[in-house]
Structure formats: C-alpha cells, structure tokens
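A.B. asks:
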Amino acid sequence: MLKFVAALLLVLLSAPSNGSERSDNAKTPIDYLPALAGDYFKHDSKSVGRPYHIFVRLPHGYEDNPSKNYPVIYLLDGDSLFPMLAPTHLFLTYDEQIPEAIIVGIAYGGFGDVNKRDIDFHEFSSQESGEPSGPDKFLKFLKHELLPTVSNRYRTDESKRVLVGQSYGGFFVLWSALQDPDLFWARISSNTSFGGERARLFTEASESTNKEGLVAITVGTKDTQSRQGFVKEWSDTWMDSDSAPWTVKKFVMEGGTHAATIAETYRQTLKWIFQRKEPESDSQG
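Numbering of the sequence shown is given in my numbering, commencing with residue 2 and proceeding in unit increments.
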C-alpha cells in the first residue's frame, strides 16, 4: 500500500505550480485521474520554516459553475490521506448526498526524514526554552498562510471549513479546537494518539464567537485500550461541559483498526457534519 501511495505521489508532484488555478491547456498526468484532478502548489512556510506540498481536488463541475462556492476539507497527512479520501469524497456525493467540496491535502513529500508530522502535530519540548512549539507554528501556518492562500485561489465557502486528522494528526485537530475554536467549522479526529501530551487536550478552550462548531471524535474497537479510553473520557468531558465551544459527537467504529478504517470514518463523520438537522451532543457506539 505504501509503495502505491508513494508512486501516486510521484505522479501528483509532477503537476506544475504556476501560482493560479490550472488551465485545461496545461495537461499533466493527474488530469487523467479525474477523482484526484485539480491543482498542486508548493508552499514555503514562513511560520514553520519548511515547505509543504499542497494537493487540491476541485469539485466535479467546478469550472462550469463559476458563481458557486464550495466547502473546503483540509486533510493532515496529505501524503497518504489525500489520494485515499479525495476519491472517497466523490463517491460520497453519489451515494450519500454529501455536498461536493474542495479537498486540500497538506503533504510533506515523503515518509522519511522529510516528514515532520511528529513535530508539527505533537512536539511541545521547544516551549521549555521559550520558543513556540511545533503545533503552535503549524497552527499559525494554517491560519495566516494556507487558509488565506486557498481562499484567494479557489471559490471557497469560508463558513464551511473542515479539518481532518488521523493519529497524531487527530491530536492536533483536538488541540487546535481548544486553541482556536472558530478557525474551522468542523473537525474530525480519528483514533487520536496523544503520547505524553494527553493533559493538553483537557485544558480550557479559548473563547468562541459563534458556538456553532462541530467536533467528531472516532476510535476503532481494535485500536488500543488506552486510545479507546481516551476517546470516551474526552467526549464525555466536553459533552457534559457548558463551556464547550462546539458540539461533540463520538463514533465507535466496530472492528475498526488504528489506521485502515479512515475511509469509513470519513463517511460516517461527514454524514453527521453535513446532514445533521438539529444541534446535538451525542455519541454513537
């Protein structure tokens, strides 16, 4: 599987970065994979001090609907999640009536030393020397660099931004929900890994101006007992809190593993996010 994803990334990386939306007269290999086709650009982050590869899947019919704005779904670990979930989203528009969306994969360009997900999502040791932590820098990159860039390039519905993270990415999703509740409309944290930073996810949330955010937290029954216990405690804590700046829903994926259930997680959580009829604090499973 990793070999397939790596090979696919080589194809995706061959797409040019021209500072604007791609045009039909500049065909690249990705244009022959319509479930993934859209755009690519490399972003050198001033906040983090490292580059990111940004892959964008544009909705089917995007060019034919110039007045339509779309929800935007940001995928952490885009190296693996973008080629998996961008086509999945297309199928969900067919079978589950999930609205089309712009899918943005935030990638490192590899699985080796170039991949700094542990620093970006979970490394707080730099705070001991008075420096911003890895997650602090990455959140700043999202808020002040990537989100404005995507908004300027594409027709986005800024009231419908969604952040998706798996494992350590799921940790960052929850941590960022506490730090900046209003930055995303909805968040999906799948099989959250917390390492030694568990307590950071039970601190007081920053003030929210709208109180309309959504947080879906999920865990598989084949994941570790510690992760299952964490998800129960975290969801129970915030469901019972009057100060929670978002509505929380817990999903327990029967037979689900730590990593391989992400497509079904994506399906179930997006159905809740886009099709819920009334505000609720609930759990499933």
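All C-beta atoms in this analysis are idealised placements derived from N, C-alpha and C, irrespective of residue type, glycine included.
Could I get the ranges of all uninterrupted alpha helix (DSSP H) runs contained in the region 32-115, with 4 residues as the minimum, in chain order?
C.D. replies: 79-96
A.B. asks: Taking contact to mean 3 or more Cβ pairs, one atom from each stretch, closer than 8 Å, check whether the region 84-101 and the region 43-54 are in contact.
C.D. replies: Not touching, per the Cβ criterion.
A.B. asks: Is the CB-CB distance between residue 179 and residue 207 below 8 Å?
C.D. replies: yes
A.B. asks: Can you list, in chain order, the residues of its chain whose CB lies under 7 Å from that of residue 1, leaving out five sequence neighbours each side?
C.D. replies: Absent from the model: residue 1. The displayed extent of the chain is 2 to 286, so no value can be given.
A.B. asks: Can you tell me whether residue 145 is buried or exposed? The criterion is at least 16 other CB atoms within 10 Å of its CB, across all chains shown.
C.D. replies: exposed
A.B. asks: Any idea what DSSP makes of residue 213, helix, strand or coil?
C.D. replies: Three-state result, residue 213: coil.
A.B. asks: Please state whether the Cβ-Cβ distance between residue 167 and residue 65 is less than 8 Å.
C.D. replies: no
A.B. asks: For residue 200, does the count of other Cβ atoms within 10 angstroms reach 16, so buried, or fall short, so exposed?
C.D. replies: exposed
A.B. asks: Applying the 10 Å Cβ sphere with the 16-neighbour rule, what's the burial state of residue 243?
C.D. replies: exposed
A.B. asks: Can you give the Cα-Cα distance for residue 172 and residue 248, rounded to whole angstroms?
C.D. replies: 18 Å
A.B. asks: Can you look up residue 195 in the DSSP assignment and give me helix, strand or coil?
C.D. replies: coil
A.B. asks: Does the region 123-139 come close enough to the region 90-104 to have 3 or more Cβ pairs within less than 8 Å?
C.D. replies: Verdict: no, contact absent.
A.B. asks: Roughly how many angstroms separate the alpha carbons of residue 185 and residue 159, rounded to a whole number?
C.D. replies: 9 Å
A.B. asks: Which residues does DSSP pair with residue 189 in a beta bridge?
C.D. replies: 165, 217
A.B. asks: Between residue 40 and chain B, is the shortest Cβ-Cβ distance under 8 Å, so that the two count as touching?
C.D. replies: Of the chains in the structure shown, none is chain B; there is only one protein chain.
A.B. asks: Could you tell me the distance, in whole angstroms, from the CA atom of residue 148 to the CA atom of residue 58?
C.D. replies: 15 Å
A.B. asks: Give me the DSSP bridge partner(s) of residue 253.
C.D. replies: Residue 253 pairs with 220.
A.B. asks: Are there 16 or more other CB atoms within 10 angstroms of the CB of residue 266, so buried, or fewer, so exposed?
C.D. replies: buried
A.B. asks: Give me the residue from 53, 155, 161 with the minimum Cα distance to residue 118.
C.D. replies: 53
A.B. asks: Roughly how many whole angstroms lie between the Cα atoms of residue 164 and residue 76?
C.D. replies: 6 Å
A.B. asks: Where does residue 159 sit, in a helix, a strand or coil, going by DSSP?
C.D. replies: strand
A.B. asks: Select from 73, 195, 134 the residue whose C-alpha is nearest the C-alpha of residue 161.
C.D. replies: 73
A.B. asks: Along the alpha helix (DSSP H) that carries residue 117, what are the first and last residues, could you check?
C.D. replies: No alpha helix (DSSP H) holds residue 117; DSSP gives it neither H nor E.
A.B. asks: Within 10 Å of its beta-carbon, does residue 195 have 16 or more other beta-carbons around it, so buried, or fewer, so exposed?
C.D. replies: By the neighbour-count rule (16 or more Cβ atoms within 10 Å), residue 195 is buried.
A.B. asks: Taking the Cβ atom as the reference point for each residue, do residue 222 and residue 255 lie within a distance shorter than 8 Å?
C.D. replies: yes
A.B. asks: So what's residue 248 in DSSP terms, helix, strand or just coil?
C.D. replies: strand
A.B. asks: Take residue 204 and list the residues in its own chain whose beta-carbon comes closer than 7 Å to its own, dropping the five residues that flank it on each side.
C.D. replies: 179
A.B. asks: Evaluate residue 25 with the Cβ neighbour count: other Cβ atoms within 10 Å of its Cβ, from every protein chain shown; 16 or more gives buried, anything less gives exposed.
C.D. replies: With a pLDDT of only 46 at residue 25, under the threshold of 50, the placement of this residue in the model should not be trusted, and no figure is reported.
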